[in-house]
Amino acid sequence: MEKKPTVLSGIRPTGNLHLGNYFGAVRNFVKMQETNECYFFIADYHMLTTHPNPKDLQGNVRQVIIEYLAAGLDPDKATLYLQSDIPETAELYLFLNMNAYLGELERVTTFKEKARKQPDNINAGLLTYPTLMASDIIIQRAHLVPVGKDQEQNLEMTRTFARRFNRMYKVDYFPIPKAFNFDDELVKIPGLDGSGKMGKSEGEGNAIFLCEDPKSIRKKVMRAVTDSGPEQMNQEKPEAIQNLFSLMEVVSSSETIQFFDDHYNNCTIRYGDLKKQLAEDIVSFTRPFYERIQELSANDEYISRVINQGAEKARANAMKTVRDVREIIGFRKIY
Ligand code: AMP
Ligand code: TRP
């Protein structure tokens, strides 16, 4: 039987997980760990390209691990680790950089965007972000990389670098990885501010976080944008109202949705009641996550164990790759 593709993805430690991240990405990671060999890591080396405060970095990395565990990633099913626990990544990055060209690196959209955002800090790490990312991926010899649309160009670079290595050394060593979108069930979770999607930088009150306490969730939902109500039977819902229904789609029962939909259609809906119900359904949905996050946050020893366990497995696999690569290039065997 042919082996199932190896899945790998990197997550930047930037802030807390919200319902958008959960339904758009993490829920799929959790599903994939059941069927595939999975590697999920926290991209803390990559964070240095934007010069974060070292204190924030450590705290954020821990928080991200905690939230992924709370969301259902299982360290006995998927390999969860920190990028910086695999120093071999840096050696492979060096090799890849020798065959990565200024022109192609400068053309990457995310580089251009970041360079615009931080004109005083256009460091070499920022330029070579795609070679480090390629190293992350091919060091584990991954086949599928679940990422959002914004990462497709970086993935294309990874494919280029992997092919180039194979061609240059006349080997068929690295699999050529593919970006994997969850297109067939693509969801967009809207925010609470009436338009657009839920996002952590969309402004106060827009996003609901998995680590959020019930009181704060209720407050946010009750403040969500609505309008003065439908004026005609069966009229189309304006965006702000559709957004509340879209949120119900993921957290509420079909009876509840039907109930409010009927009342909307015959113009007897009371938005206050809808929001109250939505808030309660979000609270029930997030409660297990919230409680797990509290529990895990108090369990330093367990978190350290998870991180060590992931590092050990990911590193063993990475060391094998770098050992092979050194041999292919023609360096002396040192490990
Ligand atoms: P970000 O937090 O923007 O870096 O996104 C991390 C992951 O969550 C990506 O795979 C996004 O596609 C997904 N994601 C972020 N916000 C939403 C949203 N509102 N709806 C669906 N997916 C989202
Ligand atoms: N660049 C990715 C992002 O910004 C994070 C990342 C780093 C990554 N290395 C990776 C994603 C390897 C997938 C595979 O979200």
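Letter 188 of the sequence shown, counting from 1, is numbered 670 in the working numbering, and no numbers are missing.
Built from N, CA and C at the ideal position, the CB exists for glycine as well.
Query raised in the report: When you compare each of LYS670, GLY502, ARG641 and ILE604 to ILE658 by their alpha carbons, which one comes out closest?
Result: Comparing C-alpha distances from ILE658 to each of LYS670, GLY502, ARG641 and ILE604 shows the shortest one belongs to ARG641.
Report task. Drop a sphere of 10 angstroms on the beta-carbon of ASN503, count the other beta-carbons inside from all chains shown, and report buried for 16 or more, exposed for fewer. Result -> Buried is the call here.
Report task. Under 8 Å by Cβ, that's how I've got ILE775 and ALA552 pegged, so tell me the actual separation to the nearest angstrom. Result -> Taking the Cβ atoms as the reference, ILE775 lies roughly 5 Å from ALA552, within the contact range of under 8 Å.
Query raised in the report: Would you say the beta carbon of LYS513 comes nearer than 7 Å to a heavy atom of ligand 1?
Result: It does not: the Cβ of LYS513 is nowhere closer than 7 Å to a heavy atom of ligand 1.
Requested in this report: Name, in chain order, the residues that DSSP records as bridge partners for HIS500.
Outcome: Beta-bridge pairing links HIS500 to PHE691.
Query raised in the report: Among LYS719, GLU588 and GLU570, which one has its Cα closest to the Cα of GLY676?
Result: In this structure, LYS719 is the residue among LYS719, GLU588 and GLU570 with its C-alpha nearest to the C-alpha of GLY676.
**Report entry** DSSP state of ILE658 mapped onto helix, strand, coil
**Finding:** Annotated three-state conformation of ILE658 is coil, per DSSP.
Requested in this report: Measure the alpha-carbon distance for GLY673 versus LEU499 and round it to whole angstroms.
Outcome: Between the alpha carbons of GLY673 and LEU499 lies a distance of about 14 Å.
Query raised in the report: Measuring from the CB of ASN636, is there a heavy atom of ligand 2 at a distance below 7 Å?
Result: Yes; taking the cut-off as 7 Å, the Cβ of ASN636 has a heavy atom of ligand 2 nearer than that.
Report task. Report the rounded CA-to-CA distance for ALA525 versus PHE662, giving the unit in angstroms. Result -> Going from the Cα of ALA525 to the Cα of PHE662 covers about 18 Å.
Query raised in the report: Which residues share a DSSP beta bridge with ILE785?
Result: Bridge partners of ILE785: none, in fact.
Query - Chain-order list of residues whose beta-carbon lies under 6 Å from that of ILE620 (same chain, five-residue window excluded) - result: Excluding sequence neighbours, ILE620 sits near ALA644 and PHE656.
Report task. Enumerate, from N- to C-terminal direction, the unbroken alpha helix (DSSP H) stretches of 4 or more residues contained entirely within the region 602–645. Result -> As far as the region 602–645 is concerned, its whole alpha helix (DSSP H) runs of at least 4 residues are 606–609 and 611–621.
Requested in this report: Return the chain-ordered list of same chain residues with a C-beta closer than 8 Å to the C-beta of ALA722, the five sequence neighbours on each side being excluded.
Outcome: Spatial neighbours of ALA722 in its own chain (CB-CB distance under 8 Å, excluding positions within 5 residues in sequence) are listed in chain order as GLY676, SER677, ALA706, VAL707, THR708 and ASP709.
Query raised in the report: In three-state DSSP terms, what is LYS679?
Result: In the structure shown, LYS679 sits in a strand (DSSP, three-state: E or B).
Query raised in the report: Just the residues with CB closer than 5 Å to a heavy atom of ligand 1, in chain order, which are they?
Result: Here the residues come out as GLY502, ASN503, GLY506, ALA507, GLY630, LYS670, ILE671, LYS679 and MET680.
Requested in this report: Just grab the DSSP bridge partners of LEU490 for me.
Outcome: For LEU490, which the question treats as bridged, DSSP gives the partners TYR521.
Report task. With a threshold of 7 Å, establish whether the CB of ILE619 neighbours any heavy atom of ligand 2. Result -> For ILE619, the Cβ falls inside the 7 Å cut-off from some heavy atom of ligand 2.
Query raised in the report: Since PHE593 and TYR611 are thought to touch, with beta carbons under 8 Å apart, how far apart are those beta carbons, to the nearest angstrom?
Result: Right, their Cβ atoms sit about 7 Å apart.
Query raised in the report: To which residues does DSSP link ALA560 through a beta bridge?
Result: Beta-bridge pairing links ALA560 to CYS520.
Requested in this report: Run the proximity test for SER683: is its beta-carbon closer than 7 Å to any non-hydrogen atom belonging to ligand 2?
Outcome: In this structure, the C-beta of SER683 stays at least 7 Å away from each heavy atom of ligand 2.
Requested in this report: On a CA-only basis, which of PHE742, LYS652, GLU762 and LEU555 is nearest ASP695? Give me that one, please.
Outcome: When only C-alpha atoms are compared, the closest one is GLU762.
Query raised in the report: Would VAL489 pass as a contact of CYS520 if the rule is Cβ separation under 8 Å?
Result: VAL489 is a Cβ neighbour of CYS520, given a cutoff of 8 Å.
Query - Cut-off 6 Å between Cβ atoms - residues of its own chain near ARG797, not counting five sequence neighbours on either side - result: Excluding residues within five positions, the ones whose Cβ falls inside 6 Å are ILE568.
Query - SER779 - containing alpha helix (DSSP H), residue span - result: Its alpha helix (DSSP H) spans residues 753–779.
**Report entry** Reference PRO601, options HIS533, GLN515, PHE691 and ASN518, closest by Cα
**Finding:** Ranking HIS533, GLN515, PHE691 and ASN518 by Cα distance to PRO601 puts HIS533 first.
Report task. Could you work out which residue in ASP538, ALA507, ARG544 and VAL508 is closest to ARG787 when comparing CA atoms only? Result -> Of the candidates ASP538, ALA507, ARG544 and VAL508, the one whose C-alpha sits nearest the C-alpha of ARG787 is ARG544.
Query raised in the report: Quick one: Cα of LYS795 to Cα of VAL653, how far?
Result: Separation of LYS795 and VAL653 (C-alpha to C-alpha, rounded to the nearest whole angstrom) is 26 Å.
Report task. Compute the minimum distance between the beta carbon of MET615 and the heavy atoms of ligand 2, and state whether it is under 7 Å. Result -> Because some heavy atom of ligand 2 lies under 7 Å away, the Cβ of MET615 counts as near it: yes.
Query raised in the report: Alpha carbon to alpha carbon, how far is HIS745 from VAL732?
Result: In this model, HIS745 and VAL732 are separated by some 20 Å (Cα to Cα).
Report task. Output yes or no for whether 8 Å exceeds the beta carbon distance between LYS757 and VAL703. Result -> Against a cut-off of 8 Å, the Cβ pair of VAL703 and LYS757 comes out as a contact.
Report task. Assign ARG623 to one of two classes, buried (16 or more other C-beta atoms within 10 Å of its C-beta) or exposed (fewer than that). Result -> Classification for ARG623: buried.
Query raised in the report: When DSSP labels each residue in this structure, what does PRO569 get in the three-state scheme?
Result: Reduced to three states, the DSSP call for PRO569 is coil.
Query raised in the report: Helix, strand or coil: which one does DSSP assign to TYR672?
Result: It should be noted that the sequence gives Pro, not Tyr, for residue 672. For PRO672, the secondary structure class from DSSP, reduced to helix, strand or coil, is strand.
**Report entry** Closest residue to VAL590 among PHE511, ASP632, LYS697 and LEU778 (Cα-Cα distance)
**Finding:** Nearest C-alpha to VAL590: ASP632.
Query raised in the report: For ALA689, is the classification buried or exposed, using 16 other Cβ atoms within 10 angstroms of its Cβ as the cut-off for buried?
Result: Buried, by the Cβ-count rule.
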